[in-house]
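S.K.: Below is the structure I would like to discuss, written out as structure tokens.
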């Protein structure tokens, strides 16, 4: 499925030879900025291939320069404003790094909703088009939105039941996941992904919740020996935003706008989510090869976890209602879109 989606997005490949000979003059240079090292899975398997497809489809008229690991300065929570202000032309970030700024996107982070990251990413994109383009995402050009594969608890001590989280200092990525794991008994600590290895090694946190795919780049399996995952629906996932400076996009000639658009949007969002979940496997295998303890919570044993999850969802709906957003209606629409895309 990933391969088919890649081929669909790649479009005409005959331009590769033209690129190699430099027959077209470069017209536009775009700076792409993000928070992970270049060798991590998302840059390597999602962002850089996207940039290569854009450059190829432009016939060499667009150059995209990749700046990983916050090389243009700032911190991960500042990335979205860097796209808005033009510090970078293109950014990839976690929506929840700026808590409360993208409230409608949070619906896809609610617990036990996701089974497939590609399907949820497709639903996320559709909801963005329906409800977020002119509200949450009005200040930038949206290129793609997606979620990662099932969230996993990586910890120094084994976590087999909610009570095992009591007193555990646990890194969580977003406002919703902090609320969830607080309700489960942990002492949650919010921090961007790049801070996890040092925080684990220095004992600032006892564990972290992240998907398998990024643990390889962060060497998490060398820092903690226990990993708790869930059968069936994921306990959580995280929403991402891939965005471009609106003025920069608007300044492009129509044919180059069409190039950007042809490699972005619904199909790319599904591809990115599917790729992230596919990248879980090698990192999980690495932890097993190291002799680490992988704990799998069955759907039956997840019942007490779901009780706390229901409280988290109820709290989120109440918060949305208080802010003027119909939380129950938003969740109902997200579920309808998930059902639609799960059957496609």
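In the working numbering, the protein residues as written are 427 to 770. Every residue, glycine too, gets a C-beta built ideally from N, C-alpha and C. Quick caveat, the model's predicted, so the values are computed rather than measured.
1. CB residue 613 to CB residue 594, shorter than 9 Å?
2. Can you tell me whether residue 659 is helix, strand or coil according to DSSP?
3. Taking residue 722 as the reference, give the member of 749, 654 and 745 with the closest Cα.
4. Can you tell me where the alpha helix (DSSP H) holding residue 455 begins and where it ends?
5. Residue 723 bridges to which residues according to DSSP?
6. Does the beta-carbon of residue 529 have 16 or more other beta-carbons within 10 angstroms, so that it is buried, or is it exposed?
7. With the cut-off set at 9 Å, would you say residue 484 and residue 569 are in Cβ contact?
8. Based on the DSSP secondary-structure assignment, which residues constitute the bridge partners of residue 581?
9. Assign residue 702 to buried or exposed, taking buried as 16 or more other Cβ atoms, counted over all protein chains shown, within 10 Å of its Cβ.
10. Can you tell me where the alpha helix (DSSP H) with residue 732 in it begins and where it stops?
11. Please report the residue range of the alpha helix (DSSP H) in which residue 561 lies.
12. To test your reading of the DSSP string, which unbroken beta strand (DSSP E) runs of 3 or more residues are found completely within the segment 608-632?
13. Counting C-beta neighbours from all protein chains within 10 Å, is the total for residue 671 16 or more, i.e. buried, or is it exposed?
14. State the Cα-Cα distance for the pair residue 449 and residue 692, rounded to the nearest angstrom.
15. To which residues does DSSP link residue 598 through a beta bridge?
16. Rounded to whole angstroms, what's the CA-CA distance from residue 447 to residue 482? Just pull it up for me.
17. Which residues in the same chain have their Cβ closer than 6 Å to the Cβ of residue 547, if we skip the five residues on either side of it in sequence?
18. Would you give the residue range spanned by the alpha helix (DSSP H) that residue 644 belongs to?
19. Using C-beta distances below 7 Å, list every residue in its chain close to residue 647, excluding the 5 sequence neighbours before and after it, in chain order.
20. DSSP three-state label for residue 492, please.
21. Return yes when the Cβ of residue 738 is within less than 9 Å of the Cβ of residue 536, no when it is not.
22. Check whether the segment 673-685 touches the segment 614-626, counting contact only when three or more Cβ pairs, one atom from each stretch, lie closer than 8 Å.
23. Find the nearest neighbour of residue 706 within the set 726, 542, 666 and 601, judged by alpha-carbon distance.
24. Compute the Euclidean distance between the alpha carbons of residue 539 and residue 506, then round it to the nearest angstrom.
25. When the Cα of residue 756 is compared with those of 633, 624 and 533, which residue comes out closest?
26. Short of 7 Å in beta carbon distance, which residues of its chain neighbour residue 631, apart from the five on each side in sequence? Order them along the chain.
27. Are there 16 or more other CB atoms within 10 angstroms of the CB of residue 750, so buried, or fewer, so exposed?
28. Opposite residue 567 in the DSSP bridges: which residues?
29. By the three-class DSSP mapping on this structure, what secondary structure does residue 383 have?
30. Since residue 500 contacts residue 508 with CB under 8 Å, what's their CB separation in whole angstroms?
31. To the nearest angstrom, report how far apart residue 549 and residue 496 are at their CA atoms.
32. Helix, strand or coil for residue 506? Go by DSSP, reduced to three states.
33. With a CB to CB cut of under 7 Å and the five nearest residues on each side skipped, what residues in its chain are close to residue 651?
34. DSSP puts residue 518 in a beta bridge; with which residues?
35. Measuring alpha carbon to alpha carbon, tell me which residue in 710, 525, 766 and 504 is nearest residue 605.
36. Can you find the residues in the same chain that come closer than 6 Å, C-beta to C-beta, to residue 503, ignoring five residues on each side of it along the sequence?
M.R.: If we stick to the structure as given:
1. yes
2. coil
3. 654
4. No alpha helix (DSSP H) holds residue 455; the beta strand (DSSP E) holding it covers 454-459.
5. 656
6. buried
7. no
8. 633 and 652
9. buried
10. 729-748
11. Residue 561 -> no alpha helix (DSSP H), and no H or E assigned at all.
12. 613-616
13. buried
14. In this predicted model, residue 449 has a pLDDT of only 42, less than 50, meaning its place in the structure is not dependable; the value taken from the coordinates is given anyway. C-alpha separation (whole angstroms): 32 Å.
15. 616
16. At residue 447, the pLDDT of 34 sits below 50, so the modelled position is not reliable; the number obtained from the coordinates is stated separately. Straight-line Cα distance between these residues: approximately 12 Å.
17. 572, 573, 695, 696 and 699
18. 641-644
19. 641, 712, 713, 716 and 718
20. strand
21. yes
22. no
23. 542
24. 26 Å
25. 533
26. 595, 596, 597, 615 and 625
27. exposed
28. 670
29. Residue 383 is absent from the model: the chain starts at 427 and stops at 770.
30. 6 Å
31. 29 Å
32. helix
33. 718 and 719
34. 668
35. 525
36. 523 and 524
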